[in-house]
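Residue numbers (my numbering): 70 to 346. Heads up, the beta-carbon is just placed ideally off N, CA and C, and yes, glycines get one too. Below is one structure, written out as structure tokens; the observations come after it.
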Ligand SMILES: Nc1ncnc2c1ncn2[C@@H]1O[C@H](COP(=O)(O)OP(=O)(O)OP(=O)(O)O)[C@@H](O)[C@H]1O
Ligand SMILES: [Mg+2]
């Protein structure tokens, strides 16, 4: 292939890649003990998308993320990741597919008997084929980037909840996942650390090229994390858009939820105001 044709080919591949649907959740239903939690979730993400899902406490955010990993079995509905239906794959194939996904669980979900360094190395050993020196270098570089330079040799029990959460995020991103799922990544962190952590996630994701999905009950976190936010209400994703688009829908289920929490993104000077940027 000559260089012109090669670059046209690269261009086509990039174009095709960007339109690739990497998450396709269809009609996902889940009830616990006869009580419906999710009642028909439809969610699509393309490669490179950053999306937040905003929902009240107990609205089913963690259930949805676990469903996307096959950790929660839906009563009805499908989940495809990278074009493959996860519930139709054998165990080995599913694990291979999930190696492309990083998950930061709400409470960190670290192994108590391993140090922080070992927790992160364990994920990398299982999910990547990086050389040992690169894994070690990554552990230390990424911990430093979340302001935990001295945490490597500590046990999770020696860390605060917020520190464990940051380690959980590092572990999720350490494997260079194509898709990272983040469950309340900044809950319980002070506003400054919270901003640092979101910034760190964006920087790491930009280096890796990961697509990002964050679920949160904080309006501020949702819109700081991504411009596109989907609203989870009554077991369904009732709307998706930028802060301005969501307000313009004039849907009380959405506006009340956004306004009660009294957050306006810095680029706007009010609900009906113009965009400053
Ligand atoms: N394994 C389970 N067994 C029974 N009920 C469950 C289970 N997991 C979740 N639930 C219930 O489902 C509902 C949704 O829970 P989920 O943890 O998904 O909500 P959430 O939006 O993540 O909440 P939070 O904002 O508090 O993290 C809650 O009422 C919860 O009690
Ligand atoms: Mg949750």
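Nearest Cα to residue 283 within the set 314, 319 and 238: 238. Residue pairing for residue 148: DSSP places it in a beta bridge opposite 94. Judged by beta-carbon spacing, residue 299 lies beyond the 8 Å limit of residue 279, meaning their Cβ atoms are not closer than that value.
For residue 165, the enclosing alpha helix (DSSP H) covers residues 160–167. Taking a 10 Å sphere around the C-beta of residue 306, we find 16 or more other C-beta atoms and assign the residue as buried.
Here the C-alpha atom of residue 263 lies approximately 23 Å from the C-alpha atom of residue 135.
Within the chosen limit of 7 Å, ligand 1 does not reach the beta carbon of residue 105 with any heavy atom. Bridge pairing for residue 305: 302 [DSSP]. If you draw a straight line from the Cα of residue 257 to the Cα of residue 175, it is about 11 Å long.
Sixteen is the threshold: when 16 or more other Cβ atoms of the shown chains lie within 10 Å of the Cβ of residue 207, as they do, the residue is buried. A contact between stretches requires three or more CB pairs, one per stretch, nearer than 8 Å, and the stretch 156–171 fails this requirement with the stretch 96–114.
For the set 232, 189, 312 and 225, the Cα lying nearest the Cα of residue 241 is the one of 189.
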